[in-house]
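J.:
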Amino acid sequence: MRIFAIGPNYYNLNLDKNKPKTGDLKNMDSEMATYINDLSGMPYVMPITFTGFAHSSKLRALFAYKLPCMYTGIPMLDPKMITRLSSKGILYGPSKDILQVFERNKECFVDNESKIIALLQERSKIHPEMNLKELLEEIEPYHRKILRKKQAPIFMELTNIVNKKLPHDYQQKFQSLMVETDKKLNDQPIYIPFSANEFKYKLAKARNILANGADIKTRKALNSIMKESKKLSTVTNDSTIPNQQKVLASIEHILQKSPLAEDGELNNLLEISKLRLSQKKVVIPFSRKSFLYDLGKMLETLPDHHLKKELIGIANKLPTSEQCLSAYVLKLCSEPSDKIALKLMWPSVASVEHIKPRSEGGENELANYGVARAKINSSRKSIPLDEWVVLHPEVKQNCQKYLDKLIDLYQAGIFQKHNISPDYMMDFADTVKEQSKGKIQLDISRLFEY
0 MRIFAIGPNY YNLNLDKNKP KTGDLKNMDS EMATYINDLS GMPYVMPITF
50 TGFAHSSKLR ALFAYKLPCM YTGIPMLDPK MITRLSSKGI LYGPSKDILQ
100 VFERNKECFV DNESKIIALL QERSKIHPEM NLKELLEEIE PYHRKILRKK
150 QAPIFMELTN IVNKKLPHDY QQKFQSLMVE TDKKLNDQPI YIPFSANEFK
200 YKLAKARNIL ANGADIKTRK ALNSIMKESK KLSTVTNDST IPNQQKVLAS
250 IEHILQKSPL AEDGELNNLL EISKLRLSQK KVVIPFSRKS FLYDLGKMLE
300 TLPDHHLKKE LIGIANKLPT SEQCLSAYVL KLCSEPSDKI ALKLMWPSVA
350 SVEHIKPRSE GGENELANYG VARAKINSSR KSIPLDEWVV LHPEVKQNCQ
400 KYLDKLIDLY QAGIFQKHNI SPDYMMDFAD TVKEQSKGKI QLDISRLFEY
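Set out below in structure tokens:
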């Protein structure tokens, strides 16, 4: 059977619409079965938590001094600053206010975050009264067109291989996937069964951002919501739907009684989930991650592993929000203004890092703590430090940069102000030397200068 590709003439660009959402999945390869099993059972506890470490409160007191990241050397944002901005309404207010904050901390922003901020600053000169979402919606049509032009040849290449090589029954499944994809690209409503794993995953992502520097009431509400979500059955059928609806109603009740009652992302997640449980059509923005998962699931039983790898390899060429500025613009456009601000700041937020990963027996002790940007902290996960240094040789000089900043703070009386022992700096140097297997040897001689 002949399947027509999604190319420039296959779909309507609809440049006045917004909200396509592009995900980010880098490592889908020939280990398809393992990948699918991992994702379908994805835990909703995020791999990194940025608050609540035992014995880390003293170290977090130093976040206010723009510590350089121990891995990248880039200065970091204090989570408490973000909490203050949120409580004052600056995150969802006129763009000129939050952009002034970004400008004062511009050395903390890199990569596409800094590029997005530059775009917003230019638009804000014309419309300072607009919030971040309104500014992004002005440039969304242009970036949607750019992204679609980059996506179209990849969809066409994928479709051509399917037409030539894929067995007939798989071609039918692929055609259904592409019809669904076309509707997502054009913001048309579709029916997608409810997935408890997907709900928990998205809930955890939202929690991961909201918990940074949040007050006690907000953290308690988030913990209650996550605890309640555990009651969701991972299987959705006629017998489990009533209980799943009950759990969602309970989560909604907790949300509405909490400081997060007006949170757009959480409310939208609940609303869409309720519609999907009721088997109603919803508008779901295109997501690269979801497309890769659906394609992988479709090919799971394909006996030709070489062909499977070839198709997934082509699909992996779809632009990510890290690689493509336009993909990032569209991804942010689907968010409310305060979430846009939070997502622009999140990669740069200071977070406590276990030098020896907890999964490897790393202790929750000050001697095993460093400070890293949230994005890098999350990326490293449980990779041993000696392996991480091989992958990122610049870590050696950046750990020294981090230590030098600590020494400056100590000599300025900041350690004494917060009752922090100077032993931490020596312990840090010893720990990174041990965990890097001697690859990182830091100079602490300035600590003893008077």
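Per numbering that gives the first Met the number 0, the very first residue in the sequence shown carries number 0; after that it's consecutive. By construction, the Cβ of each residue, glycine as well, lies at the ideal position given by its N, Cα and C atoms.
1) By the 10 Å Cβ neighbour count, where 16 or more other Cβ atoms means buried, how is H353 classified, buried or exposed?
2) For R147, count neighbouring C-beta atoms within 10 Å of its own C-beta (all shown protein chains included) and say buried if the count is 16 or more, exposed if not.
3) Report the option in A220, N236 and S123 whose CA atom is closest to the CA atom of Q99.
4) For S333 and Q171, what's the separation of their Cα atoms in angstroms?
5) Assuming the contact rule is C-beta atoms closer than 8 Å, L402 and F427 should be a hit. Round their C-beta distance to whole Å, please.
6) Based on DSSP bridge pairs, tell me the residues matched to H353.
7) Quick check on Y327: buried or exposed, where buried means 16 or more other Cβ atoms within 10 Å of its Cβ?
8) For the stretch 154-242, which segments carrying the beta strand (DSSP E) assignment without a break, of at least 3 residues, lie completely within its bounds, in sequence order?
9) Would you tell me roughly how many angstroms separate the C-alpha atoms of T239 and S232, rounded to the nearest one?
10) Let's test the definition: count the other Cβ atoms within 10 Å of the Cβ of I215 and tell me whether it reaches 16, buried, or not, exposed.
11) Assign T21 to one of three DSSP states: helix, strand, or coil.
12) Could you tell me whether the stretch 129-137 touches the stretch 330-346, where touching means 3 or more Cβ pairs closer than 8 Å?
13) Does DSSP put P383 in a helix, in a strand, or in coil?
14) Nearest by alpha-carbon distance to E136: which of L331, D442, V388 and Q410 is it?
15) Mapping DSSP to helix, strand and coil, what is L298?
16) DSSP three-state call for L306: helix, strand or coil?
17) Would you kindly report the start and end of the unbroken alpha helix (DSSP H) that includes I125?
18) Out of curiosity, what's the CA-to-CA distance linking S420 and I413?
19) Specify the secondary structure class of P258 as computed by DSSP and reduced to three states.
20) To which residues does DSSP link V348 through a beta bridge?
21) Specify, as a first and last residue, the run of the alpha helix (DSSP H) that F427 falls within.
22) Can you find at least 3 beta carbon pairs, one from the stretch 370-377 and one from the stretch 58-75, that sit closer than 8 Å?
23) Could you pull the start and end residues of the alpha helix (DSSP H) that R59 belongs to?
24) Note down, in chain order, each residue of its chain lying with its Cβ closer than 7 Å to the Cβ of E227, except the 5 sequence neighbours on either side.
25) Is the stretch 430-439 in contact with the stretch 379-394, if contact means three or more CB pairs nearer than 8 Å?
26) What number of angstroms, rounded off, separates the C-alpha of K229 from the C-alpha of E139?
27) Exposed or buried, Y141, counting other C-beta atoms within 10 Å across all chains shown (16 or more means buried)?
28) If we count the other Cβ atoms within 10 Å of its Cβ and call it buried at 16 or more, is N376 buried or exposed?
29) Among the residues of its own chain, which have a CB less than 6 Å from the CB of N111, if the five just before and after it don't count?
30) Does the count of Cβ pairs from the stretch 277-288 and the stretch 175-192 closer than 8 Å reach three?
31) Flag this pair as yes or no: are the beta carbons of L76 and L310 separated by less than 8 Å?
32) Could you name the residues of the same chain whose beta carbon sits closer than 6 Å to that of V44, not counting the 5 residues immediately before and after it, in chain order?
33) Measure the alpha-carbon distance for I153 versus K316 and round it to whole angstroms.
34) Measuring straight from C-alpha to C-alpha, what distance separates V234 and K183?
35) For L446, which residues from the same chain have a beta carbon less than 8 Å from its beta carbon, with the 5 sequence-adjacent residues on both sides left out?
36) Tell me, please, whether the stretch 199-210 touches the stretch 261-269 by the rule of three or more beta-carbon pairs shorter than 8 Å.
T.: Put simply:
1) Using a 10 angstroms sphere on the CB of H353, the tally of other CB atoms reaches 16 or more, which defines it as buried.
2) buried
3) Residue nearest to Q99 within the set A220, N236 and S123 is S123 (criterion: CA-CA distance).
4) Whole-angstrom Cα-Cα distance: 31 Å.
5) 7 Å
6) Y368
7) Label assigned to Y327: buried.
8) The stretch 154-242 contains no whole beta strand (DSSP E) run of 3 or more residues.
9) 7 Å
10) exposed
11) For T21, the pLDDT reaches just 35, beneath the cut-off of 50, and the residue's location in the model is therefore unreliable, leaving the point undetermined.
12) Segment contact: the stretch 129-137 against the stretch 330-346, three or more CB-CB distances shorter than 8 Å; contact assigned.
13) Three-state result, P383: coil.
14) L331
15) coil
16) If DSSP states are grouped into helix, strand and coil, L306 belongs with the helices.
17) D110 to I125
18) 11 Å
19) coil
20) L76
21) D422 to Q434
22) yes
23) S56 to R59
24) V246, S249, I250 and I253
25) Yes: at least three Cβ pairs fall under 8 Å.
26) 37 Å
27) Looking at its Cβ environment, which holds fewer than 16 other Cβ atoms inside 10 Å, Y141 is exposed.
28) buried
29) L324 and Y327
30) yes
31) no
32) Here the model assigns V44 a pLDDT of 29, short of 50, so the residue's position is not dependable, and the following value carries that caveat. Counting only residues of its own chain and dropping the five nearest sequence neighbours on each side, V44 has no CB closer than 6 Å to any other CB.
33) Their backbone Cα atoms lie some 7 Å apart in a straight line.
34) 25 Å
35) I406, Y409, P421, M424 and M425
36) yes
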